[in-house]
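**Student:**
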Amino acid sequence: MKYDNWKIRGPGLPSLRRELEEAGLAPLCAAVLAARGIGGREEAARFLSDGPERLHDPFLLRDMDRATARVRRALEDGELVCVYGDYDVDGITATCLLTEALALLGGKTVSYIPDRSEEGYGLNPRAVEGLAGQGVTLIVTVDCGITAAAEVDYARTLGVDVVVTDHHHCKTAIPDGAAVVDPRRPDCTYPFPELAGVGVALKLAQALAGPEREEELLLRFGELAAIGTVADVMRLTDENRALVRQGLALLARTKRPGLRALLREAGLEPGAVPTAVTIGYGLAPRINAAGRMEQAMVALELLLTRDVDRGEELAGILCSLNRERQAIELEIYRQCDGILEENPALADPCVVMAGEGWHQGVVGIVASRLAEKYACPTFMISLEHGLGKASCRSFGGFNLFAALEACAPLFEAYGGHEMAAGFTIREENIPAFRERICALVSEYAGGEPMESSIDVDAEVDDCALLSTGQVDGLSVLEPFGTGNPKPVLLLRSAAVLSCCDVGNGRHLKMRVRRDGVVLDAIFFSANCAQCGVSPGDRLDLLFHPQINEFRGSRAVQLQICDLRAAPTRAQLEQELFQRLREGEELSRWEAGLLLPSRQDFARLWRFLERACAGDGADPGPALLKQAARQPDGRWAYGRTLVCLYVMGDRGLIAVERERLRLCRPERKVDLEQAELMRQLRIFLDEN
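Residue 603 in numbering that gives the first Met the number 0 sits at position 604 of the sequence shown, and the numbers go up by one each step.
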């Protein structure tokens with residue numbers, strides 16, 4: 000098993016699911032929405048809407064009036080404005096967007112993205128001095144600046160104003176700039192604080208252009224907003240959902256030659272519509288590679304260029320940088336993983352590792368992989384000349400930014416989100432940091448090891464639901480990402496017909512059957528030996544349903560998230576019976592395993608008449624096993640348990656002096672009136 004805990008959501012109210020289906024949603028889609036607490040036609044319509052009505056007024060952002068006033072003055076007076084960004088995808092797309100927007104409005108602009116290893120994240124005094132020397136009188140930050148209070152003050156002494164636009168968490172002191180636009184400001188009441196840095200940059204561009212040109216700018220820059228928002232793992236709900244859905248449509252027909260070339264390099268087929276997955280696994284790693292390898296300006300040029308040949312060349316450079324990044328990342332990961340394999344205590348309750356000369360641009364990815372494998376928050380520190388620069392990744396909901404705030408006296412600088420963050424620390428402070436952060440993680444986890452868990456949206460009761468039409472119906476939920484993950488479904492007790500390793504032994508491919516339906520399944524980064532899977536096994540499967548297209552044929556494929564050995568039929572039915580007794584809700588499929596027919600009751604009564612003749616019968620496991628065997632040789636433990644319980648409830652059998660005996664009431668007994676029977680009927684009817 001990949002996950003310790005399969006957290007199966009409640010199925011939601013059947014009446015709400017039916018209402019969603021009546022509104023035109025496919026049953027599988029309706030089940031997912033209801034399980035996620037989105038019930039009813041109106042709430043679903045709000046969640047799924049992606050039109051202009053989901054985009055909020057830019058001036059609802061605190062300080063947007065001050066920001067536009069200062070930038071407009073710079074445009075009118077012909078000042079040289081620098082758009083100062085960050086070296087990740089969000090920062091690069093935001094830099095491109097605002098640079099082009101200011102030029103479109105007639106401004107004189109330059110772009111600046113700091114070198115990751117030489118300058119680090121955000122505003123720095125050396126960069127400010129250099130820009131002032133070029134004649135820059137206004138710096139507009141994008142995706143950075145909210146923690147740069149000292150740097151903003153220093154810029155002012157050089158005659159340079161700073162307008163901060165950012166989306167990261169604020170520290171206690173907000174920079175004293177010409178304006179500070181950040182939806183996460185404590186005093187900002189913007190309706191949706193989850194904008195990416197590129198989203199905030201778009202809002203500033205729209206505010207500068209005026210309401211009559213908002214739609215024009217969205218059409219021009221929507222693809223950039225989509226790329227930065229998805230790459231920065233922002234919540235894909237509300238305004239972000241609208242931005243990304245519209246941006247993906249624009250990306251499909253982008254006029255940027257560099258992006259077109261990069262989409263081809265990422266394997267997008269001609270005419271195919273890109274998805275959030277295209278960005279997350281195709282574009283983002285290649286654009287990010289430039290920043291990680293200290294060449295962020297290459298990625299910025301790729302987005303800005305209008306030259307087709309140059310776009311092709313730059314796309315090739317980014318792909319080459321990405322391959323180089325992958326090789327360096329793998330080397331560091333293997334080194335750290337080997338240490339942790341030999342010393343498991345180093346991953347309890349969190350991982351804190353430091354290494355001399357580790358490439359700062361890739362340690363964040365290594366931190367992500369280690370956090371997932373060892374199920375704990377991970378802190379990777381790249382050391383050079385006594386100074387460490389760290390990338391951190393969360394696990395289990397641990398709030399990294401809050402934790403770093405608690406350790407702030409140990410840092411030279413820090414910043415980030417709940418899930419990903421970074422800091423700069425002197426080497427001599429690392430032991431104190433390790434002690435402090437371990438205490439915080441241990442306190443958060445209650446002294447227990449953290450569990451890896453996965454949310455399961457719905458259980459598949461009938462494999463007829465796994466049709467191409469039903470799976471296609473899930474597409475209305477896209478784009479998938481944080482806050483709106485790809486649906487995860489559960490299929491219990493699927494029989495393995497065949498299995499083999501593919502992809503040079505790295506992936507597991509299976510054919511499974513249940514309810515008479517045969518389905519293909521693929522489990523990436525796991526093979527037969529690792530999973531212990533063989534033909535004939537019965538498995539419980541967690542999966543994303545998807546459509547596999549091959550040579551013009553479309554078929555449903557299960558993309559496995561996790562699997563485990565299914566209990567035997569007897570174990571499963573006895574477990575379900577116990578859950579029914581305890582008042583837990585069952586799925587339609589589960590209820591169907593337990594609900595007995597009139598023939599089941601009649602057969603059991605005849606069996607008990609024979610077994611209880613004379614001195615009665617021993618009410619032990621042996622009797623249950625004999626009673627559960629059906630005439631066709633199959634077993635029906637669940638239905639037999641329900642029959643026995645209902646017969647006892649209705650006064651047809653009783654245990655006296657440790658012997659089971661039959662009772663013969665004077666009046667006819669209606670077994671359907673037993674509470675267990677009524678409950679099973681409800682589960683079958685409502686699900």
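For glycine and all other residues, C-beta sits at the position ideal for the given N, C-alpha and C. Nothing here was measured: the structure is a model prediction, and the numbers come from that model.
(1) Which same chain residues, not among the five before or five after Q573, have their C-beta less than 8 Å away from its C-beta?
(2) Opposite E699 in the DSSP bridges: which residues?
(3) Considering only the alpha carbon of each residue, which of T274, P57, G270, A260 lies closest to R285?
(4) Confirm, please, whether the CB-CB distance from V511 to A493 is below 8 Å.
(5) Look up N4 in the DSSP assignment and give the residues it is bridged to.
(6) Got a sec? Which residues, its chain only, sit under 6 Å from M233 by beta carbon, not counting five neighbours each side?
(7) For the beta strand (DSSP E) containing Y413, list its first residue and its last residue.
(8) Please tell me whether L507 and A525 are closer than 8 Å, where the distance is taken between their beta carbons.
(9) In or out: R663 buried (at least 16 other Cβ within 10 Å) or exposed?
(10) In whole angstroms, give me the CA-to-CA distance for G356 and E293.
(11) Using the C-alpha atoms, what's the distance from P185 back to R537?
(12) Does DSSP put Q133 in a helix, in a strand, or in coil?
(13) Kindly indicate which three-state DSSP category A727 falls into: helix, strand or coil?
(14) Closest to V555 by C-alpha separation, out of V517, E52, F522, would be which residue?
(15) For A73 and D49, what's the separation of their Cα atoms in angstroms?
(16) Thinking just about the alpha-carbon of each residue, which of L670, V654, R666, L659 is nearest to the one in C642?
(17) Cβ of V243 within 8 Å of Cβ of A275?
(18) For R605, does the three-state DSSP call read helix, strand or coil?
(19) Is Q598 buried or exposed, if buried means 16 or more other CB atoms sit within 10 Å of its CB?
(20) Would you list the residues sitting across from S552 in a DSSP beta bridge?
(21) On the criterion of 16 or more Cβ atoms from any shown chain inside 10 Å, does G257 qualify as buried, or is it exposed?
(22) Measure the Cβ-Cβ separation of E450 and A402 and say whether it is below 8 Å.
(23) Could you tell me which residues DSSP pairs with W634 in its beta bridges?
(24) Could you check the C-alpha separation between M509 and C498 for me, to the nearest Å?
(25) What are the start and end residues of each continuous alpha helix (DSSP H) run of 4 or more residues lying completely inside the region 294-360, in chain order?
(26) Can the beta-carbon of V80 be found closer than 8 Å to that of L157?
(27) Under DSSP, the alpha helix (DSSP H) around L403 begins and ends at which residues?
**Tutor:** If we stick to the structure as given:
(1) Your numbering for residue 573 matches position 574 in the sequence shown. Cβ neighbours of Q573 beyond the five flanking positions: Y636, G637, L640.
(2) The chain is shown from 0 up to 686; residue 699 falls before or after that span and cannot be answered.
(3) The count along the sequence shown starts at 1 and reaches residue 285 at position 286. It is A260.
(4) Within the sequence shown, numbered from 1, the residue matching residue 493 stands at position 494. Within the sequence shown, numbered from 1, the residue matching residue 511 stands at position 512. Result yes, Cβ atoms of A493 and V511 sit closer than 8 Å.
(5) Counted from its first residue, the sequence shown places residue 4 at position 5. Per DSSP, S452.
(6) Translated into positions along the sequence shown, residue 233 becomes position 234. Within the same chain, M233 has close Cβ partners E193, A195, N239.
(7) For the purposes of this step, residue 413 is identified with residue 414 of the sequence shown, where counting begins at 1. It spans 410-415 - the beta strand (DSSP E) in which Y413 sits, taken as one unbroken run.
(8) Here residue 507 is taken as the residue at index 508 of the sequence shown, counted from 1. Here residue 525 is taken as the residue at index 526 of the sequence shown, counted from 1. Against a cut-off of 8 Å, the Cβ pair of A525 and L507 comes out as a contact.
(9) Here residue 663 refers to the residue found at position 664 of the sequence shown. Exposed, because fewer than 16 other Cβ atoms sit within 10 Å of the Cβ of R663.
(10) Taking the sequence shown and counting its residues from 1, the one referred to as residue 356 is at position 357. Taking the sequence shown and counting its residues from 1, the one referred to as residue 293 is at position 294. Straight-line Cα distance between these residues: approximately 15 Å.
(11) Counting from one through the sequence shown, the residue named residue 537 turns up at place 538. Counting from one through the sequence shown, the residue named residue 185 turns up at place 186. Taking the straight line from one Cα to the other gives about 53 Å.
(12) As a working mapping, residue 133 is identified with position 134 in the sequence shown. Reduced to three states, the DSSP call for Q133 is coil.
(13) Absent from the model: residue 727. The displayed extent of the chain is 0 to 686, so no value can be given.
(14) Locating residue 555 in the sequence shown gives position 556, counting from the first residue. Considering only V517, E52, F522, the residue with the shortest C-alpha distance to V555 is V517.
(15) In the sequence shown, counting from the first residue as 1, residue 73 sits at position 74. In the sequence shown, counting from the first residue as 1, residue 49 sits at position 50. CA-to-CA, the gap between A73 and D49 works out to about 34 Å.
(16) Taking the sequence shown and counting its residues from 1, the one referred to as residue 642 is at position 643. Here the closest residue by C-alpha is L670.
(17) Locating residue 243 in the sequence shown gives position 244, counting from the first residue. Locating residue 275 in the sequence shown gives position 276, counting from the first residue. Their beta carbons are under 8 Å apart, which means V243 touches A275 by this criterion.
(18) Locating residue 605 in the sequence shown gives position 606, counting from the first residue. Reduced to three states, the DSSP call for R605 is helix.
(19) Walking along the sequence shown from the start, residue 598 turns up at place 599. Counting of Cβ neighbours within 10 angstroms places Q598 among the exposed residues, the total staying below 16.
(20) As a first step, residue 552 must be located in the sequence shown, where it is residue number 553. DSSP lists F549 as the beta-bridge partner residues of S552.
(21) One-based indexing of the sequence shown puts residue 257 at position 258. Burial call: buried.
(22) Along the sequence shown, read from residue 1 onward, the residue named residue 450 stands at position 451. Along the sequence shown, read from residue 1 onward, the residue named residue 402 stands at position 403. No, the Cβ-Cβ distance between E450 and A402 is not below 8 Å.
(23) Residue 634 sits at position 635 when you count from the first residue of the sequence shown. For W634, which the question treats as bridged, DSSP gives the partners R628.
(24) The count along the sequence shown starts at 1 and reaches residue 509 at position 510. The count along the sequence shown starts at 1 and reaches residue 498 at position 499. Spanning the two alpha carbons is a distance of roughly 4 Å.
(25) Taking only runs of at least 4 residues, the alpha helix (DSSP H) segments lying wholly in the region 294-360 are 295-303, 307-341.
(26) Counting from 1 along the sequence shown, the entry for residue 80 is found at position 81. Counting from 1 along the sequence shown, the entry for residue 157 is found at position 158. No, the pair does not count as a contact, with Cβ atoms beyond the cut-off.
(27) Indexing the sequence shown from 1 puts residue 403 at position 404. Residues 399-405.
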